[in-house]
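There are 2 protein chains.
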Amino acid sequence: MVERRGARELPSEGALIETFRRAFATKDPRVRVGIGDDAAVLELPSPLVWTIDDSVEGVHFDRRWLTIGQAAGRAFEAALSDVAAMGAKPLCALSSLQVPASATASELRAIRAAQRSAARRAKSPIVGGNVTRGPGYRFTTTLLGHVKYPVLRSAARPGHELWLIGPVGMAGCGRCWLERGATPPKGALGRAITRCVRAWQEPRARVEDGLSLDGRKHSAIDVSDGLATECRTLSRQSGVRVELDGGALRAAFDPELLLAAEKLSEDPLGFALFGGEDYALLASGPARTRPKGARVIGAIRRGSGAVLVGEGRARLLRGGHDHLAS
Amino acid sequence: MVERRGARELPSEGALIETFRRAFATKDPRVRVGIGDDAAVLELPSPLVWTIDDSVEGVHFDRRWLTIGQAAGRAFEAALSDVAAMGAKPLCALSSLQVPASATASELRAIRAAQRSAARRAKSPIVGGNVTRGPGYRFTTTLLGHVKYPVLRSAARPGHELWLIGPVGMAGCGRCWLERGATPPKGALGRAITRCVRAWQEPRARVEDGLSLDGRKHSAIDVSDGLATECRTLSRQSGVRVELDGGALRAAFDPELLLAAEKLSEDPLGFALFGGEDYALLASGPARTRPKGARVIGAIRRGSGAVLVGEGRARLLRGGHDHLAS
């Protein structure tokens with residue numbers, strides 16, 4: 023019904039929900055009732071992990087630098103990343119969409135397509151949600167997952183190695199490039215910049231990597247706000263000292279990050295520590311249990327606080343991202 | 023930490039989450055990990071019902087007529103009402119809060135207190151959530167519940183009685199009174215008006231009534247948008263004709279609604295059909311299975327559409343509330 027209306031005319035709530043119901047239809051046997059009743063009805067294993075995340079236009083995303091489909095996809099991946107960081111297998115999702123009066127049918131199609139793709143990648147059907155109007159787009163995603171031994175932020179222990187799983191810094195570098203508004207050159211540098219920009223525009227939650235962790239041995243947190251903040255959180259919640267080794271972290275950087283950051287005259291370490299939105303996993307565990315793909319970037323010690331070592335004198339990690347700061 | 027700051031200064035995200043973590047602490051043995059990790063970890067029975075609902079300042083509520091605590095409480099009850107309408111027992115909740123830059127510490131305290139009260143009444147601890155800033159307050163609540171035989175919108179059958187469980191029209195009448203801005207008089211009329219205003223400001227989801235329904239025999243939907251819309255939805259989703267009997271509905275009206283509507287020179291039937299936000303339950307089932315407290319207000323027939331009978335000639339029910347309409 024959306025298609026037959028003018029491009030700038032919003033379909034009715036009922037018609038819009040119907041388009042989502044069709045787009046998100048699933049044959050998953052765990053879904054007894056999907057979109058369309060007062061609530062979804064599900065047959066799920068226990069224990070469950072459960073998270074909710076929001077992405078608000080003008081706060082978490084800016085449409086100068088993202089298509090609306092990219093914004094919708096990122097919002098889903100950010101919630102999914104919380105499930106990944108618990109070491110859990112995603113099961114299903116609800117999506118709540120806030121739509122501004124300026125919304126167009128093609129924007130709504132792009133949102134549907136992006137959410138459907140993200141849900142399929144995660145094998146997590148969207149089984150319900152809500153639609154409201156409001157002063158801008160807003161994507162709220164709540165996900166359920168299953169895990170036998172949840173991987174907690176409070177489980178880092180002295181003697182653990184500190185691990186990075188997945189690249190960090192690229193998303194922050196990509197966003198910085200977009201903010202400076204320059205056109206990427208051709209060649210290797212251009213490809214490096216494009217990859218950083220894509221890392222920010224189209225992140226992917228590390229679900230498979232999360233499943234390689236085990237809550238009886240490992241701790242983990244996802245890198246949404248930058249490594250500085252995540253190291254401090256791990257330290258506080260586990261009651262340990264987190265030592266991040268700057269040299270080891272630099273050695274883990276993607277060569278394309280080095281290239282793109284150099285062109286911006288920025289230290290890639292800054293993007294890794296404070297950029298955020300990478301959705302890598304910061305984890306810890308005994309050396310003998312290190313999963314494939316995990317890079318050692320430091321160690322867990324007795325004590326408190328998060329410190330950067332191996333870059334001259336040890337420095338306390340501060341700063342990072344406060345979602346309420348203006 | 024909130025208390026020690028200036029009244030108009032917003033605490034940091036971490037400090038705010040800490041106040042919520044303390045306020046919502048629970049000893050519920052089903053909650054293995056509550057607020058503070060990437061996701062909550064829960065041991066829950068299956069099948070589950072799962073819903074999400076949003077309440078956006080300037081769209082769903084207006085602070086001229088509601089305290090911020092009332093707005094937060096209503097938002098929780100609206101989501102809870104979806105669980106009730108499935109005949110499910112609520113289990114636990116996540117709460118996502120959008121906070122404007124103008125927020126004060128006392129507003130945040132009132133929100134916490136209202137959400138904690140609503141969660142306690144529902145025996146549904148708030149086990150996690152999210153905090154973001156944005157252009158106004160916004161409350162998003164997602165709830166999980168447990169039900170053996172979910173009560174569906176698609177289960178109305180020809181021969182069923184149509185039931186109303188709980189009062190309708192009072193919330194719409196109360197809101198109308200607030201919009202007109204008059205001061206309620208003293209005496210019986212004043213008390214009637216105050217009760218209608220309270221019905222709108224402080225609704226209560228009908229969880230116990232929902233539990234009296236059985237998905238093998240009954241259909242149900244909650245009255246959030248007004249009886250006209252809910253009758254049409256029941257008709258469409260069950261493939262039946264819903265006959266709403268105006269006389270029987272009028273006989274079910276609370277005497278205080280009649281008094282308050284008369285003073286406004288409004289037909290209370292209009293508030294019941296189009297007012298919404300009552301969170302009564304509209305249900306159906308065979309006469310011999312009618313639960314205590316259910317009033318017969320019509321019948322389910324073969325055919326299609328929702329009609330109002332017993333008020334002169336039968337009329338198709340139209341109109342109601344579209345959440346996307348401006």
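The listed protein sequences derive, respectively, from chains A and B.
Just remember that the numbering used here sits 22 ahead of the position in the first sequence, which is counted from 1.
Just remember that the numbering used here sits 22 ahead of the position in the second sequence, which is counted from 1.
The beta-carbon is built from N, C-alpha and C at its ideal position, and this holds for glycine as well.
- If you compare the alpha carbons of Ile-322(B), Phe-275(B) and Ala-305(B) with that of Lys-314(B), the shortest gap goes to Ala-305(B).
- Only Val-149, Gly-150, Gly-151, Asn-152, Val-153, Thr-154, Arg-155, Gly-156, Pro-157, Gly-158, Arg-160, Thr-162, Thr-164, Leu-165, Leu-166, Gly-167 and Val-169 from the stretch 143 to 171 of chain A bring a Cβ to less than 9 Å from some Cβ of chain B.
- For Leu-200(B), the CB contacts under 7 Å within the same chain, skipping 5 residues up- and downstream, are Trp-87 and Val-219 in chain order.
- Bounds of any beta strand (DSSP E) do not take in Thr-205(A), whose DSSP letter is neither H nor E.
- Ranked by Cα distance from Arg-258(B), the options Ile-39(B), Thr-162(B) and Ala-177(B) are led by Ala-177(B).
- Ranked by Cα distance from Gly-158(B), the first of Pro-69(B), Thr-216(B), Pro-206(B) and Val-81(B) is Val-81(B).
- Residues of chain A with a Cβ closer than 9 Å to the Cβ of Ala-93(B) do not exist; the shortest Cβ-Cβ separation is about 14 Å.
- Taking 8 Å as the upper bound for CB-CB distance, Val-245(B) and Asp-300(B) are in contact here, some 5 Å apart.
- One Cα belongs to Leu-256(B), the other to Ser-326(A), and the distance between them is close to 59 Å.
- For Trp-87(B), the nearest beta carbon of chain A is not closer than 8 Å to its own beta carbon.
- Proximity to Lys-239(A) across Lys-170(A), Arg-134(A) and Asp-267(A) peaks at Lys-170(A), based on C-alpha coordinates.
- Apart from the 5 residues on each side of it in sequence, Asn-152(B) sits with its Cβ closer than 7 Å to the Cβ of Ser-118 in its chain, given in chain order.
- Closest option to Arg-217(A), judged by alpha-carbon separation, among Ala-282(A), Arg-337(A) and Ala-37(A): Ala-282(A).
- Here Lys-49(B) is exposed. Its C-beta has fewer than 16 other C-beta atoms within 10 Å.
- Cβ-Cβ distances below 7 Å link Leu-174(B) to Gly-237 and Ser-241 in the same chain, with the five nearest sequence neighbours on each side left out; the list follows chain order.
- Across the stretch 176 to 189 of chain B, CB contacts with chain A closer than 8 Å involve Ser-176, in sequence order along the chain.
- Between the alpha carbons of Leu-233(A) and Lys-111(A) lies a gap of roughly 7 Å.
- For Gly-58(A), the C-beta contacts it makes with chain B under 9 Å involve Arg-175, Ser-176 and Gln-259, in order along the chain.
- Secondary structure at Ala-110(B): coil, using DSSP grouped into helix, strand and coil.
- DSSP places Glu-129(B) within a helical segment (H, G or I) once states are collapsed to three.
- With three or more CB-CB distances shorter than 8 Å, the stretch 189 to 203 of chain A counts as touching the stretch 287 to 301 of chain A.
- A direct Cα-Cα distance of roughly 49 Å separates Gly-212(B) from Arg-134(A).
- When secondary structure is reduced to three states using DSSP, Phe-46(A) falls in the coil class, being assigned neither helix nor strand.
- Look at Arg-54(A): its C-beta is under 8 Å from a C-beta on chain B.
- The shortest C-alpha to C-alpha distance from Val-229(B) to any of Ile-90(B), Gly-109(B), Ile-57(B) and Arg-160(B) is the one to Gly-109(B).
- Between Leu-266(A) and Val-149(A), the CB-CB gap reaches or exceeds 8 Å.
- Within the stretch 60 to 84 of chain B, the residues whose Cβ lies closer than 8 Å to some Cβ of chain A are Asp-60, Ala-61, Ala-62, Val-63, Leu-64, Glu-65, Leu-66, Pro-67, Ser-68, Pro-69, Leu-70, Val-71, Trp-72, Thr-73, Ile-74, Asp-75, Asp-76, Val-78, Gly-80, Val-81 and His-82, listed in chain order.
- A check of alpha carbon separations from Gly-156(A) across Ser-124(A), Trp-72(A), Gly-261(A) and Ala-107(A) identifies Ser-124(A) as the nearest.
- For Arg-138(A), the CB contacts under 7 Å within the same chain, skipping 5 residues up- and downstream, are Ala-45 and Phe-46 in chain order.
- Going by DSSP, Asp-231(A) is part of the alpha helix (DSSP H) stretching over 229 to 233.
- In the three-state DSSP reduction, Ala-302(B) falls in the coil class, being neither helix nor strand.
- Note on Asp-76(A): 16 or more other CB atoms within 10 angstroms of its CB, so buried under the neighbour-count rule.
- DSSP places Arg-258(B) inside the alpha helix (DSSP H), whose first and last residues are 249 to 260.
- Per DSSP, Ala-61(A) lies in no beta strand (DSSP E) segment and is marked neither H nor E.
- Residue contact check for Asp-244(B) against chain A: a CB pair falls below 8 Å.
- Beta-bridge analysis with DSSP links Ala-328(B) to Val-264(B).
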